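6 is the number of the first residue of the sequence shown in the working numbering; add one for each residue after it.
Let me begin by presenting the structure, written as structure tokens, before commenting on it.
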Amino acid sequence: MATYTQDPGAPGASYLTFWRERHLCTLTTPRPDGSPHVVPVGVTYDPEAGLARVIANKSSRKVANVLATGTEGARVAVCQVAGRRWATLEGRAVVRTEPERIAEAERRYAERYERTPSPNPSRVVIEIELTRAMGNA
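What follows is the structure, encoded as structure tokens:
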């Protein structure tokens, strides 16, 4: 396995397969002071739309960090690791509150993680418009 930069909209087969496996991931967002905030999350990858999605509670620190950056969104990264394999997606994150966007994120989460998220009226989705993909998968 070699390390390759991937096209986030058209990744290689092994890279995409790795993102379809069930893995816990991390999300890194910038705190207001510029330091990184890293938390475990479930992530779904949608190369056709050029998005990664993270469902979250609207009162969470990760959501606050993204919102604090304003309308242009926050530069963030999501990453997963399994042994020597790893994959990172980077891009600009925004918080979405539209019910149809949340429902799509929940559907994709249930598909990848093989469990339906518990109902949460405070749920939002962090959508990451992807600009870079890299990894060793």
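Beta carbons are placed, not taken as given, at the ideal position from N, Cα and C, and that holds for glycine.
Because the structure is a prediction, the values reported are computed rather than measured.
Supposed contact pair residue j and residue i - C-beta distance, whole angstroms, cut 8 angstroms
i: Tyr-9; j: Ala-92; result: So it is not a contact: roughly 10 angstroms between Cβ atoms.
Separation of residue j from residue i, as counted between CA atoms
i: Ala-15; j: Arg-137; result: 11 angstroms
i: Tyr-50; j: Ala-69; result: 22 angstroms
i: Glu-95; j: Glu-119; result: 25 angstroms
i: Ala-57; j: Pro-41; result: 19 angstroms
i: Asn-62; j: Gly-140; result: 29 angstroms
i: Val-86; j: Glu-111; result: 22 angstroms
i: Cys-84; j: Ala-98; result: 14 angstroms
i: Val-71; j: Arg-89; result: 30 angstroms
i: Ala-142; j: Val-129; result: 30 angstroms
i: Arg-36; j: Glu-132; result: 18 angstroms
i: Tyr-114; j: Gly-39; result: 29 angstroms
i: Gly-17; j: Ala-54; result: 16 angstroms
i: Ser-65; j: Gly-75; result: 16 angstroms
i: Pro-52; j: Pro-13; result: 6 angstroms
Limits of the unbroken beta strand (DSSP E) element including residue i
i: Leu-56; result: 56 to 62
i: Leu-94; result: 90 to 101
i: His-42; result: 41 to 46
i: Pro-37; result: Neither: Pro-37 is in no beta strand (DSSP E) and is coded neither H nor E.
Element boundaries [alpha helix (DSSP H), containing residue i]
i: Pro-122; result: From DSSP, Pro-122 is part of no alpha helix (DSSP H); its letter is neither H nor E.
i: Ala-18; result: 18 to 25
i: Arg-66; result: 66 to 73
Residues that DSSP places opposite residue i in a beta bridge
i: Asp-51; result: Leu-56
i: Leu-135; result: Gly-96
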